Structure formats: C-alpha cells, structure tokens
Amino acid sequence: MKTLIEGGWVVAYNGRSHEVHERGSVVVEADKILHAGGPYAGAVDVTISARGKLVSPGFINTHVHTAGGGGDYLLLDMAKNDYRTANYMSFAAPLKGRMSPPPADAVAALRAFVFLHALKNGTTTVIDVGGLRGDWEGYARLVDDLGVRVYASPPFRDRETYMDARGRLTYEEDAAVGQARLREAVDFVRKYDGSAQGRLRGMLNAAQVETCSEPLLRAGKDAARELNVPIHTHAGGNLVEFQRIMEEYRKTPVQFLADIGFLDERTLLGHVVFTTAHGWPRYPFGDDLRVLAQSGATVGHCPYKYAKMAMTLQSFQRYLEAGVNLAIGTDTYPMDIVAELRWASILAKVTDANYQVGLPRDVFNAATLGGCKFLARTDLGRLAPGAKADLLLINLDHLGAPVYADPIKALVDGASGRDVDTVMVDGKVLVQGGRTTRVNEDEVYAKARQATEQYWSHVDGWRWDGATVDRIVPPAFPMRRPA
Ligand SMILES: [Zn+2]
Numbered sequence: 053m054k055t056l057i058e059g060g061w062v063v064a065y066n067g068r069s070h071e072v073h074e075r076g077s078v079v080v081e082a083d084k085i086l087h088a089g090g091p092y093a094g095a096v097d098v099t100i101s102a103r104g105k106l107v108s109p110g111f112i113n114t115h116v117h118t119a120g121g122g123g124d125y126l127l128l129d130m131a132k133n134d135y136r137t138a139n140y141m142s143f144a145a146p147l148k149g150r151m152s153p154p155p156a157d158a159v160a161a162l163r164a165f166v167f168l169h170a171l172k173n174g175t176t177t178v179i180d181v182g183g184l185r186g187d188w189e190g191y192a193r194l195v196d197d198l199g200v201r202v203y204a205s206p207p208f209r210d211r212e213t214y215m216d217a218r219g220r221l222t223y224e225e226d227a228a229v230g231q232a233r234l235r236e237a238v239d240f241v242r243k244y245d246g247s248a249q250g251r252l253r254g255m256l257n258a259a260q261v262e263t264c265s266e267p268l269l270r271a272g273k274d275a276a277r278e279l280n281v282p283i284h285t286h287a288g289g290n291l292v293e294f295q296r297i298m299e300e301y302r303k304t305p306v307q308f309l310a311d312i313g314f315l316d317e318r319t320l321l322g323h324v325v326f327t328t329a330h331g332w333p334r335y336p337f338g339d340d341l342r343v344l345a346q347s348g349a350t351v352g353h354c355p356y357k358y359a360k361m362a363m364t365l366q367s368f369q370r371y372l373e374a375g376v377n378l379a380i381g382t383d384t385y386p387m388d389i390v391a392e393l394r395w396a397s398i399l400a401k402v403t404d405a406n407y408q409v410g411l412p413r414d415v416f417n418a419a420t421l422g423g424c425k426f427l428a429r430t431d432l433g434r435l436a437p438g439a440k441a442d443l444l445l446i447n448l449d450h451l452g453a454p455v456y457a458d459p460i461k462a463l464v465d466g467a468s469g470r471d472v473d474t475v476m477v478d479g480k481v482l483v484q485g486g487r488t489t490r491v492n493e494d495e496v497y498a499k500a501r502q503a504t505e506q507y508w509s510h511v512d513g514w515r516w517d518g519a520t521v522d523r524i525v526p527p528a529f530p531m532r533r534p535a
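In the numbering used here, the protein residues as written are 53 to 535.
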C-alpha cells in the first residue's frame with residue numbers, strides 16, 4: 053500500500069543535507085519512504101493532506117529516562133542551595149536502606165507515560181539512558197504495543213550513591229554488583245535487540261562517569277564493541293562529578309573517558325556541560341572540545357533541563373565549530389523535543405551574545421542527523437527514498453507561520469510538541485490529530501499520576517533531612533488540597 057502525504061512543507065534529504073519543498077510530497081510504502089520532495093506522479097492508495105503543516109523527519113531524542121517525573125520534580129530549580137541537591141543526587145542519593153523500588157504496576161505505568169509523552173511531542177526514536185528496573189518482557193511488549201522506536205538496556209554502575217544523616221554525599225563501591233548489572237545489560241541486548249518488529253534495539257548505559265569505576269567503564273565499552281551497539285554515559289553533567297573525576301584521575305571527565313578508550317563514533321555522552329570550555333570549573337588546562345571532536349563521540353545536549361538549573365553549554369556554537377557532533381535530548385519534563393530546538397538556539401545566542409549563532413539549520417540537524425551518528429543509522433532522521441518512514445506532521449499555520457518565509461524558522465521560533473499533529477513510525481500512524489491511536493491516553497495519564505503521587509508521598513522517608521516534596525520544591529502559591 054502506498055500513502056501520499058501532500059500539500060505541506062516537506063523537509064527532504066538530498067543525500068548531503070535537508071532541503072524544504074513547498075507544497076512537496078512524501079510517499080510511504082510499508083515501513084519505508086518511497087519518495088520525498090517535489091510532486092509525485094505515480095499511483096497511490098491513500099492520500100493525507102499536510103496543508104499548513106511541516107512534514108518533518110521524526111526527531112531522535114538522545115536523552116530519555118523511562119522513570120516518570122517524580123525524581124525530575126525534585127531537581128527543579130527553585131529551592132536548591134548547593135550542588136549536591138542541584139542534579140540527580142536530589143533524587144538518587146537516599147539515606148541507605150530507606151528507598152524501596154516502586155511496585156511493578158507503577159513501573160509499567162510510568163514507562164507507558166514516558167513513551168507516550170515523548171512520542172506525542174515529536175520523538176520517534178527514544179534513546180532510553182536508564183529508567184526503572186525489572187519486567188523487561190513488559191518493557192519490550194510496551195515498545196511493541198506503542199509502536200515507538202527505542203534503544204535501551206538496563207543501566208549499570210558499581211558505585212551506589214547515598215546521603216548520610218547530615219546530607220553528605222557518599223559513594224559505596226561494589227565491583228561484583230557492577231559486573232552483574234553489566235551482564236544483565238548484555239543479556240538484555242542479546243535477547244531483545246531487533247524485537248518489536250526491529251524497533252527495539254540494544255545499547256549499553258554506563259550510568260554516570262563517576263558512579264562507574266574505571267574497570268567497569270572499560271568492560272562496558274568492550275562489551276558494546278563486541279555487541280556492535282552504542283554506549284552512553286552521563287559526563288560533565290554537574291560540578292560534583294567534575295571535581296570527583298579531577299580528584300580521582302587528575303583529568304577532566306572528557307579527557308579521562310578519552311584516555312581509557314571509551315570515546316569513539318559509537319559513544320553518546322549525556323550533557324557534557326562542564327568541560328575546559330565552561331567558565332564554572334575554572335579549569336583552563338587542555339581542550340576538551342578538541343578531544344571530543346577528534347574522538348567522534350556525540351554530545352547529547354539537553355538545553356532546557358540545564359537552563360532550569362541556571363546552566364548551559366558554553367556553547368552550542370563553540371562545540372559545533374570545534375567539530376563536535378551534537379544531538380538533542382529532553383532528559384526531564386516536558387519531553388518536548390520541538391521546544392528544545394528553540395532552547396538550543398536561543399541559549400547559544402545568549403551565551404555567546406551573538407545573533408548569528410544557534411541557527412535553526414544547526415539545531416534541526418542536531419535533533420535529526422546528529423542523533424543518528426552514534427546509532428550508525430543512515431535510514432533515520434531524514435526523509436529520503438529507502439529511509440524508515442518515521443515522520444511528523446507539525447501544524448504551523450496557527451503559529452503565525454503565514455508571516456514566516458521559512459517554515460524551519462517558524463518551527464524553531466514558535467512551535468512546541470503540542471503542534472505535532474501526526475506521528476508515523478515504521479509507516480504506521482501512531483498519533484493522529486494530536487491523540488494516540490494505540491492506547492487509552494486518559495488511562496495512561498491517570499495511572500502515571502497515581503504512581504507519581506505514591507512516589508512523592510514517600511520522599512520524606514528517604515530524604516536525609518526528612519523534607520517533604522512541598523518543602524524541597526515549594527509550590528508557586530500556597531496549595532489548598534481537599535482533605
Ligand atoms: Zn540523564
């Protein structure tokens with residue numbers, strides 16, 4: 053069956069770069085693109101009108117945690133008073149023995165919510181860099197049911213993080229646990245890579261550069277090479293991590309990872325905000341951007357999450373010009389990859405105090421082609437004959453697109469995930485008119501809400517200071533809740 057999408061602005065790939073065809077057309081047959089660009093003269097079975105819409109390749113979201121938003125909420129900006137509460141330590145360093153894993157139904161509910169939320173906001177390929185553990189059969193079934201494309205495996209580390217009763221961050225190393233977790237990840241890849249009709253693919257996730265020992269990082273990269281899959285770790289994500297790596301190895305996180313052979317074209321690094329190029333570490337020795345560029349590794353830039361924490365790359369443009377491969381991710385909520393384009397663009401301009409940087413072209417490339425390099429996929433992130441039919445119809449007309457000469461500028465300047473009207477993955481329409489075609493949305497939201505409220509209600513039990521959610525992140529106005 054051939055489906056013709058016509059009448060919109062089509063972002064087609066010409067083999068070297070994206071180009072936009074006004075009143076262009078895309079033809080999809082089975083799971084692939086048959087034609088993308090100008091008019092199509094052949095016979096088709098179904099026609100979809102894209103009038104007033106951008107027909108865009110689906111975005112590659114390089115930073116998704118399939119864990120729900122309970123923890124994300126705790127790292128919100130407003131009430132932070134030191135670096136130990138300004139990053140993942142705010143929800144991943146409990147008092148020892150006081151945090152219990154969520155029940156299986158909560159895990160399933162939160163995973164479903166994350167996939168649905170990301171998909172509806174324009175993500176067609178989810179890079180799951182670590183979520184809740186367990187029930188991997190259910191995970192694979194969910195990917196199959198929802199129709200989304202996912203790269204995943206359970207994250208591994210051999211240093212657990214805790215706070216003591218005085219709020220001091222401690223790391224406890226257990227090499228055997230790390231090895232067991234790595235084996236679990238390798239087993240996951242062996243078992244599930246290629247399942248869900250080829251949409252669930254394997255990758256490895258070394259949790260964070262400072263929560264994995266050097267032997268574990270080396271073993272993880274060796275395993276990724278053997279399995280021929282990409283590997284991710286969080287690096288340069290916060291100053292606590294930067295300083296710990298400096299103390300342990302006398303090197304920046306980037307230089308350390310390069311020196312142990314962790315960085316190459318199949319490596320994705322989450323964030324990489326704190327480098328020799330950033331002002332906060334005040335570490336003017338070496339050139340991390342050159343090291344990154346030479347390694348071929350990809351930086352998964354999550355602009356909005358960092359902006360909320362009063363930080364950003366220094367800068368998107370400087371990384372780009374140094375030759376670093378940049379990709380875009382959302383990390384925390386909202387998982388709105390469309391809005392991330394604007395954040396990436398604007399933050400680059402503000403950081404460099406320069407109008408002429410953070411160009412729409414460059415942020416769009418990062419969210420499409422840039423995310424494909426470490427995946428070694430030339431059939432994603434682009435609309436071209438033979439590529440996977442992963443695409444979006446994004447409604448631009450109501451954004452005032454008629455006043456824009458260029459729909460990509462309209463997209464970056466004004467669009468959000470809520471303008472995503474249609475999402476297609478592998479040639480199947482998963483979202484139509486902004487609503488999922490696969491599951492009962494309201495049910496997914498209700499279950500996720502319940503699981504999150506359950507999580508919030510237990511926070512004071514594992515927090516070192518016994519604080520409740522409202523104390524950690526005070527509401528904007530006093531909240532009056534029904535008794
Ligand atoms: Zn992350």
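Glycine included, every Cβ here is placed at the ideal spot set by N, Cα and C. These figures come from a predicted structure and were not determined experimentally.
For residue i, does the three-state DSSP call read helix, strand or coil?
i: T504; result: helix
i: Y335; result: coil
i: Y358; result: helix
i: S77; result: strand
i: K174; result: It is Gly, not Lys, that sits at residue 174 in the sequence shown. Residue state, collapsed to three classes: coil.
i: W44; result: As displayed, the chain neither begins before 53 nor continues past 535, which places residue 44 out of reach and without an answer.
i: L309; result: helix
i: G67; result: coil
i: F240; result: helix
i: Y371; result: helix
i: S152; result: coil
i: E212; result: strand
i: F558; result: Look at the range of the chain in this structure, 53 to 535, and you will see that residue 558 is not part of it.
i: P109; result: strand
i: L127; result: coil
i: D388; result: coil
i: L56; result: strand
i: G254; result: strand
i: V72; result: strand
i: R163; result: helix
i: N377; result: strand
i: H87; result: strand
i: N417; result: helix
i: D97; result: coil
i: T118; result: coil
i: D180; result: strand
i: Y223; result: strand
Could you tell me whether any Cβ in chain C is nearer than 8 Å to the Cβ of residue i?
i: A170; result: Of the protein chains in the structure, only one exists, and it is not chain C.
Flag this pair as yes or no: are the beta carbons of residue i and residue j separated by less than 8 Å?
i: G348; j: E317; result: yes
i: A228; j: P206; result: no
i: L127; j: V159; result: no
i: D604; j: L451; result: Here the chain comprises residues numbered 53 to 535, so residue 604 is not present and cannot be evaluated.
i: I398; j: G410; result: yes
i: G254; j: V292; result: no
i: V78; j: V116; result: no
i: L321; j: V351; result: yes
i: V195; j: R251; result: yes
i: W395; j: Y335; result: no
i: R434; j: L421; result: yes
i: V63; j: H70; result: yes
i: G90; j: G76; result: yes
i: L234; j: G272; result: yes
i: T364; j: T328; result: no
i: D449; j: G438; result: no
i: V72; j: P459; result: yes
i: A428; j: A379; result: no
i: G122; j: T504; result: yes
i: A248; j: A192; result: yes
i: G375; j: T114; result: no
Can you tell me the Cβ-Cβ gap for residue i and residue j, rounded? I've got them flagged as a contact below 8 Å.
i: V98; j: M53; result: 7 Å
i: G60; j: L106; result: 6 Å
i: F240; j: T176; result: At roughly 22 Å, the Cβ-Cβ gap does not stay under 8 Å, so F240 and T176 are not in contact.
i: T489; j: V481; result: 6 Å
i: V475; j: L171; result: 6 Å
Exercise. If we count Cβ pairs, one from each stretch, closer than 8 Å, do we get three or more for the region 410-421 versus the region 147-160?
Worked result: no
Exercise. Which full runs of the beta strand (DSSP E) of 3+ residues lie inside the region 475-523, going along the chain?
Worked result: 480-484
Exercise. Does the region 270-286 come within contact of the region 295-304, defined as at least 3 CB pairs closer than 8 Å?
Worked result: no
Exercise. Is the region 362-370 touching the region 381-394, taking contact as three or more C-beta pairs under 8 Å?
Worked result: no
For this session: Count the CB pairs spanning the region 181-195 and the region 212-222 that are closer than 8 Å, and state whether there are at least three.
Result: no
Exercise. Is the region 482-500 close to the region 157-176, with three or more CB pairs under 8 Å?
Worked result: yes
Exercise. Is the region 185-192 close to the region 255-262, with three or more CB pairs under 8 Å?
Worked result: no
Exercise. Which residues have a Cβ closer than 6 Å to any heavy atom of ligand 2, listed in chain order?
Worked result: Within the structure as shown, ligand 2 is missing, the only ligands being ligand 1.
For this session: Let me know the beta strand (DSSP E) ranges lying completely inside the region 252-308, each 3 residues or longer, listed in chain order.
Result: 252-254, 256-260 and 283-287
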